[in-house]
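Chains as they are written, first to last, in my numbering: chain A, 191 to 402; chain B, 191 to 402.
Quick reminder that beta carbons are idealized off the backbone N, C-alpha and C, glycines included.
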DNA sequence: ATTTAAAACTGAACACCGTTTATTAATTTT
DNA sequence: AAAATTAATAAACGGTGTTCAGTTTTAAAT
C-alpha cells in the first residue's frame, strides 16, 4: 500500500542527507574543497549513488544556493517590523553585511560564484526567483524612502541597483581578501570588519544627505 | 663569457613564453579551463618543465595578476591628463567599468578570485603593492574633490572605499551574471551593459548632489 | 678532443577529481 | 517462487596538479 509513499519519503530523505553532508563540508572546507567523493564518504555511500539523486555537482550546489537564500531571508525577517523605510533600509544593509561576514562561504555561493547561475541558465525555466524577490524587497524600501523625500528625482530601480552594488561590492571585497591597502593593518579579520563598518557608516551618511 | 647572461635571458624568455601561453588560453577559455597540461602543450614542452620556471599554478596566476594590473594601469593612464578632480573621478569610474566589461576574465582574476591573494599571503613579503598604488590614485582624487567642496565632512579613506565598493560591486554583479532581476530583459549582454551604465549614471548624480 | 660536471627536460607515476556504465544486490509485483 | 523493478556499487574513463627518478642536452674542465 504505502510502499510507494515510503519510497518517495526515502528518496527525499536521501536527497536531504546528501545536502546536509554537502552543507557541512561546505561550511567546514569551503566551496572548492568539497568533492562528490568526500560527500559520498560522509554519507557512507559510493560516489555513483549521488547521481541517483542529483543530475550532477552543479545541481547540488544549486540546491545549497536555494538553501542559502532561505538563510538570508530568515536574517531579513525581523526587518519587516521596521515601519520607517529609511530606518529599514539602513538596517537591511547592516543585516546584509552581517550575513556576509558571518557566512562568507554561503555569501560566496549566493552572490559571487557563477556556477549556480550557470546551472540556472540551463534550466529552461530560467529565472532567479530568489534573487528577484530579494531585489523587490529592496526596491519597495527605496520607493518608501523616496516617498519620504529621499533620493527624489532618481530612478527607483537605478537607485536600488546603486545600493545593492555598493553593499555587494563592500562584502565581496571584504570576503575575498582584497582589502589590504587601507594601511591600518593587514589580514586581520577584526580590522577588515572595522573597515567595512566605517565604509558602511560613510555610505549611510551619504544617503542621509540625499534628503530634500 | 656571456654564457651565463644568455642563460639568464633564456630563462626569462621561457618564463615569458609560459606566461604568454597562459594568458592566451586564459582569455580564450577562462580561468578554470586552463590546465598546466594545456599550457605545456601550447608551448610544446612537458608539463613537468613548467615547474622549473614556476613553483606551482598559483605562481603563474599571480604573474598574470600582476600583468593584468599593468593593463589596468594602462587604461587609467589617459586620466592623469584631466585636471579637474571630480571630472577625473567620474572618468575613472567609467574607465574602470569599461575595463571590467571588456576584459571580464582579467577583472575576475584581479578583483574577484581569491587565489592570487592567497598566494600573495604565502609570500612573506606579503603586500599587494599594485592594489595599494591603485587605491592611492583614487584616494588622491577624492582628496582633490573634497578640496573643491565635494564630500566635505566625510573621511577621505572611507569615501574612497565607498566609491571603490560601489564600482566593484557593480562590475562584479555584471560579470558574474547576477543581474537578471531588473526585468527589462534576461541574459542579454547588451542589456546588462545598459543596466550598468544607468546604475553608474545614477551614482554620479548622487555624487553631484554631495557638493556643498 | 674527451671526459666530467651541471643544467634542462621528460615519462611515468601518484593521488586526486567528476562522471558513466555494466553488474550485482535488494525489494516489490506477479 | 519467479519475474520485474529499483537501488547501489565497483571499476573504469579521461581529466587535474604535482613529484621524482631518470635521460638528454649543454657547458666547463681536463
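Residues that residue i bridges to, as DSSP identifies them
| i | result |
| --- | --- |
| residue 367 of chain A | Paired residues: none, contrary to the question. |
| residue 401 of chain A | A:340 |
Span of the alpha helix (DSSP H), counted from its first residue to its last, around residue i
| i | result |
| --- | --- |
| residue 240 of chain A | 237-240 |
| residue 297 of chain B | 294-297 |
| residue 268 of chain B | Note, residue 268 of chain B: premise wrong, no alpha helix (DSSP H); not H, not E. |
| residue 218 of chain B | 193-219 |
| residue 308 of chain A | 305-311 |
| residue 231 of chain A | 226-233 |
Residue i vs residue j beta-carbon contact at 8 Å
| i | j | result |
| --- | --- | --- |
| residue 282 of chain A | residue 266 of chain A | yes |
| residue 222 of chain B | residue 392 of chain A | no |
| residue 360 of chain A | residue 287 of chain A | yes |
| residue 226 of chain B | residue 254 of chain B | no |
| residue 296 of chain A | residue 261 of chain A | yes |
| residue 299 of chain B | residue 258 of chain B | yes |
| residue 289 of chain B | residue 356 of chain A | no |
| residue 280 of chain A | residue 401 of chain A | no |
| residue 353 of chain A | residue 369 of chain A | no |
| residue 252 of chain B | residue 213 of chain B | no |
| residue 244 of chain B | residue 335 of chain B | no |
| residue 362 of chain A | residue 362 of chain B | yes |
| residue 331 of chain B | residue 278 of chain B | yes |
| residue 329 of chain B | residue 317 of chain B | no |
| residue 207 of chain A | residue 233 of chain A | yes |
| residue 305 of chain B | residue 248 of chain B | yes |
Option in the options with minimal Cα separation from residue i
| i | options | result |
| --- | --- | --- |
| residue 307 of chain B | A:259, A:364, A:205 | A:364 |
| residue 324 of chain B | B:381, B:256, B:272, B:389 | B:256 |
| residue 263 of chain B | B:212, B:327, B:354 | B:327 |
| residue 285 of chain A | A:220, A:397, A:386, A:212 | A:386 |
| residue 216 of chain A | A:273, A:304, A:229, A:195 | A:229 |
| residue 246 of chain B | B:388, B:194, B:205 | B:205 |
| residue 358 of chain A | A:248, A:303, A:270 | A:303 |
| residue 349 of chain A | B:233, B:388, B:224 | B:388 |
| residue 367 of chain A | B:321, B:249, B:366, B:339 | B:321 |
| residue 337 of chain A | A:219, A:199, A:274, A:269 | A:274 |
| residue 341 of chain A | B:291, B:396, B:333, B:384 | B:396 |
| residue 384 of chain B | B:398, B:211, B:291 | B:291 |
| residue 219 of chain A | A:333, A:271, A:293, A:242 | A:293 |
| residue 201 of chain A | A:242, A:211, A:224, A:236 | A:242 |
| residue 250 of chain A | A:211, A:268, A:390, A:399 | A:211 |
Query - Short-range partners of chain A found in the region 238-263 of chain B, where Cβ spacing is below 8 Å - result: none
| query | the region 265-294 of chain B: which residues have C-beta closer than 8 Å to a C-beta of chain A, in chain order? | reply | none
Contacting positions in the region 346-359 of chain B - beta carbon closer than 8 Å to chain A = 347, 348, 349, 351, 352, 354, 355, 356, 357, 358, 359
Check: Along the region 299-311 of chain B, what residues have a CB closer than 8 Å to any CB found in chain A?
Finding: 301, 302, 303, 304, 307, 308, 311
Taking a Cβ distance cut-off of 7 Å, strictly less, list which residues of the region 209-224 of chain A are near chain B, in chain order. none
Item checked: Positions along the region 319-341 of chain B whose CB lies within less than 7 Å of some CB in chain A -> 321, 322, 325
Scan the region 381-392 of chain A for residues whose Cβ lies nearer than 9 Å to a Cβ of chain B and list them as they occur along the chain. 385, 386, 388, 389, 390, 391, 392
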